[in-house]
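Chains as they are written, first to last, in numbering that gives the first Met the number 0: chain V, 0 to 327; chain S, 0 to 332. Ideal placement from N, C-alpha and C gives every residue a C-beta, glycine not left out. Below is one structure, written out as structure tokens; comments come after it.
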Amino acid sequence: MQLILSTAGSYPRIGDVPDLQRHRRAYAQRERGDISAEELRKVEDEVVAGVIREQIEAGIEVVTDGLIRWYDPYSHFARGVEGVEINGLLRLFDTNFYFRQPVVKGRLRRRGPILLPEYEFARSVSSRPVKPVLTGPYTLARGSIVEAGYRSVHELALAYAEVLAAEVGELSRAGAQLIQLDEPAIVRHPENLNVLEAALAVVGRERGAARLLLHTPFGDVAPLYRDLQALPVDALGLDFTYSPKLPALIADLGSAKPLALGLIDARNTKLETRESVFPVLDAILPALKTGPTYLMPSCGLEFLPRERARLKLETLKRLRDAYLGGRS
Amino acid sequence: MSREKLKRLGVELPLLPTSTVGSFPKTPELAEARTKYTRNQITRAELETLEKRATEFWIRTQEEIGLDVLVDGEQYRGDMVAYFAELMGGFQTGGLVRSYGNRYYHKPAIVGEVKWPGPMTVQWWRWTQSLTKKPVKGMLTGPYTVMDWSFNDHYRDRKSACLALAGELRKEAEALIEAGARIIQIDEPAISVRQEELSFAIEAMHLTVDGLPAYFITHACYGAFETIYPDMLELPVDNLDLAISNSALDLLKIFEKDPFTKDLSLGVLDVHNHRIETPTEIKARVMRGVRVLTPERVWVDPDCGLKTRTVEESRRKLETMLTAVRELRTELA
Ligand SMILES: [Zn+2]
């Protein structure tokens with residue numbers, strides 16, 4: 000039995016002590032024009048290295064770069080694409096985090112690699128595999144305002160898929176073995192599963208030797224679980240915090256795809272215990288036909304204070320070790 | 000109907016009562032003082048003097064504009080949840096969390112039994128009401144929103160935390176009523192974020208207000224209506240405040256299917272836009288409500304708190320709103 004520890008995306012970029020607030024200060028200095036873009040990038044580099052180190056120290060085996068360079072999960076991609084402008088703030092699902100909404104003004108055209116340089120830097124400072132994270136084509140389309148160029152969410156999702164396919168191809172060729180696609184929007188719009196399926200087929204075309212992990216946080220995925228199994232991806236990431244019925248469902252239906260189990264609540268500070276995690280693992284693991292199985296937080300950790308994010312990862316490691324130790 | 004309830008409570012209001020959602024921008028003088036206070040350059044007492052001066056300014060301004068139901072403008076509050084969390088027992092100031100871009104806030108954490116610490120808003124309400132003959136609303140943040148915007152390290156789940164908060168916030172509502180408040184607004188901007196939790200959000204509101212002699216208003220932010228109508232009608236309050244400035248909601252169609260059963264506050268000013276609406280625009284927005292409900296059941300206000308606008312923008316927006324409402328009062332009479 001192998002249970003691989005991973006993170007699900009973002010990591011808090013600052014902490015509560017001044018030493019850990021360099022990023023915030025540098026960002027403000029850049030906004031005022033006091034430092035150059037290059038100087039800000041240097042600080043970002045250091046923060047990326049720092050959050051990767053922190054994940055590894057906590058015991059994480061497949062890390063992310065913490066999405067430190069992203070303004071938010073939408074505009075980070077929209078900025079790299081011609082035909083899209085960036086609009087006002089909108090609430091990210093049921094969180095207290097706000098993103099800038101993309102406005103589509105014409106046909107999309109990728110300006111150049113968006114994630115590749117970020118991935119290459121992260122890999123250069125990590126002793127463990129780095130998992131790139133992309134916001135999925137359907138979620139990008141659903142979160143965009145369309146003013147011109149496309150007549151439906153379906154068309155726009157396919158256009159974003161072309162952009163992301165190029166990203167995935169570059170990441171795969173650069174050595175990424177596992178690439179995560181976040182599609183939270185599908186949980187709220189199951190009627191668009193066919194759109195998601197078509198868009199994922201486009202993205203997946205370029206994945207080469209890399210495996211695509213589809214993650215669907217911020218909602219109850221139990222009603223969609225069967226349908227997710229049929230999508231053209233290699234693994235599924237599941238947010239358990241909304242889904243009391245999900246463990247029983249997986250125990251019942253099994254899984255043809257490897258799963259990444261989001262059992263650690265990345266939205267609340269309360270730390271998980273054996274009592275909350277072990278019974279779920281007991282129910283699910285025997286039903287999985289194929290591995291490896293990943294354990295991770297339910298979503299990106301940026302919804303927590305830095306110190307608590309780290310504690311969550313340490314808890315994840317402690318629980319995994321105790322679970323495997325108790326079984327062997 | 001609720002107009003009779005208001006009358007029983009001794010509150011007489013004109014047709015299409017006008018009010019605001021709660022917050023006004025901090026006056027420039029106060030904004031500067033708040034910065035100085037965080038840098039320890041002025042004392043708590045000095046800050047409070049300026050908070051009072053700013054509150055008085057907003058009361059005079061609301062009177063000059065001609066609003067019917069006034070607010071204290073929340074000059075002494077920062078965040079609508081943190082204000083209560085900092086005062087109540089069982090909370091701790093949490094660590095920094097990013098809200099967007101380079102903006103961070105301290106998200107409160109529930110670390111023990113939540114506990115009402117004695118009146119939190121009553122002194123301000125009492126003092127503000129002493130400045131004016133117009134009714135001043137008591138302003139609270141609802142239990143669901145306080146729960147949702149806090150970490151929960153203590154309670155078994157979100158529902159338990161929410162219901163515990165409801166019992167404690169009820170004590171604040173009781174204290175406001177004892178001090179003389181007749182209209183109390185309990186804001187629930189988070190109420191539509193998880194539809195599956197609406198039933199306990201409603202249960203919590205019952206715990207907070209049931210049996211209390213006041214006219215209760217609930218403001219939920221933009222988007223709430225589409226998501227949780229008609230279930231939100233189960234909220235045990237007299238008036239629901241609904242943002243329509245920015246939406247093309249066909250109220251007629253929605254209410255035809257599920258009749259609206261409460262008084263309706265129509266949020267007709269877009270608080271996120273610098274542009275001052277015209278009286279014609281505002282009249283059209285009000286008429287969208289008046290056409291489907293009787294005018295006796297309609298209130299008029301901005302679509303959210305005005306704290307992100309400037310003092311001047313807030314004043315001009317509200318003046319235009321009153322111009323429109325006065326014309327409508329004549330036309331509808
Ligand atoms: Zn609001």
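- When Cβ-Cβ separations below 8 Å define contact, S/G94 makes contact with chain V.
- Residue nearest to V/L4 within the set V/G325, V/A158 and V/R317 is V/R317 (criterion: CA-CA distance).
- DSSP, reduced to helix, strand and coil, places S/S149 outside both helices and strands of the structure shown, so it counts as coil.
- Near chain S, meaning a CB-to-CB distance below 8 Å, no residue of the segment 105-129 of chain V qualifies.
- Residues of the same chain with a CB within less than 7 Å of the CB of S/H273, apart from the 5 flanking positions on each side, are E312 in chain order.
- In chain order, D93 make up the part of chain V whose C-beta sits under 7 Å from the C-beta of S/V192.
- Looking at the backbone, the Cα of S/T120 and that of S/S22 are separated by about 14 Å.
- Within the same chain, I109, A160 and A163 come within 8 Å of S/Y154 by CB-CB distance, once the 5 residues on both sides are set aside.
- S/D302 is a Cβ neighbour of S/L268, given a cutoff of 8 Å.
- The segment 237-245 of chain V makes no contact with the segment 285-294 of chain V: fewer than 3 CB pairs, one atom from each, lie closer than 8 Å.
- Secondary structure note for S/I281: it is in no beta strand (DSSP E), and the uninterrupted alpha helix (DSSP H) holding it is P278 to V289.
- Around the beta carbon of S/E50, a 10 Å sphere encloses 16 or more other beta carbons of the protein chains shown; the residue is thus reported as buried.
- Residue environment for S/P258: exposed (fewer than 16 other C-beta atoms within 10 angstroms of its C-beta).
- Within 10 angstroms of the beta-carbon of V/G8 lie 16 or more other beta-carbons, which makes it buried.
- S/E173 places its beta carbon 8 Å or farther from that of S/V113.
- Excluding its 5 nearest sequence neighbours in each direction, S/T127 has C-beta neighbours in its own chain below 7 Å: T54, I58, D71 and V135, listed in chain order.
- For chain S, the residues of the segment 273-306 of chain V that bring a beta carbon within less than 9 Å of one of its beta carbons are E301, F302, L303, P304, R305 and E306, in chain order.
- Neighbours of V/R23 in chain S, taken as residues whose beta carbon is under 8 Å from its own, are N101 and Y103 in chain order.
- If the five residues before and after V/R266 are omitted, its C-beta is found closer than 6 Å to the C-beta atoms of F302, all from its own chain and listed in chain order.
- For V/N193, the secondary structure class from DSSP, reduced to helix, strand or coil, is helix.
- The Cβ of S/N245 sits no closer than 8 Å to any Cβ of chain V.
- By the rule that beta-carbons nearer than 8 Å mark a contact, S/R97 touches chain V.
- Assignment of S/V20 by DSSP, reduced to helix, strand and coil, places it in the coil class.
- Remark: the shortest separation between the CB of S/P188 and any heavy atom of ligand 1 falls under 7 Å.
- Contact between V/Q54 and V/L262 is ruled out by a C-beta separation of about 17 Å, above the 8 Å threshold.
- Distance from S/Q184 to S/M138 at the Cβ level is roughly 5 Å; contact confirmed, criterion being Cβ atoms closer than 8 Å.
- When Cβ-Cβ separations below 8 Å define contact, S/A108 makes contact with chain V.
- V/Q176 is classed as exposed because its beta carbon has fewer than 16 other beta carbons within 10 Å across all chains shown.
- Cβ proximity to chain S below 9 Å picks out R266, N267, T268, K269 and L270 from the segment 247-273 of chain V.
- Taking the Cβ atoms as the reference, V/V132 lies roughly 6 Å from V/L66, within the contact range of under 8 Å.
- The beta carbon of V/P231 lies closer than 6 Å to those of L199, A200 and G203 in the same chain, with the five residues before and after it left out.
- Secondary structure at S/F199: helix, using DSSP grouped into helix, strand and coil.
- Among the bridge pairs identified by DSSP, V/E117 is matched with none.
- Under DSSP, S/W298 takes part in a beta bridge, and its partners are S/S264.
- Distance from the CA atom of V/G218 to the CA atom of V/R187, rounded to whole angstroms, is 7 Å.
- Its chain contains A173 as the residues whose beta carbon lies nearer than 7 Å to that of V/E119, once the 5 sequence neighbours on both sides are disregarded; these appear in chain order.
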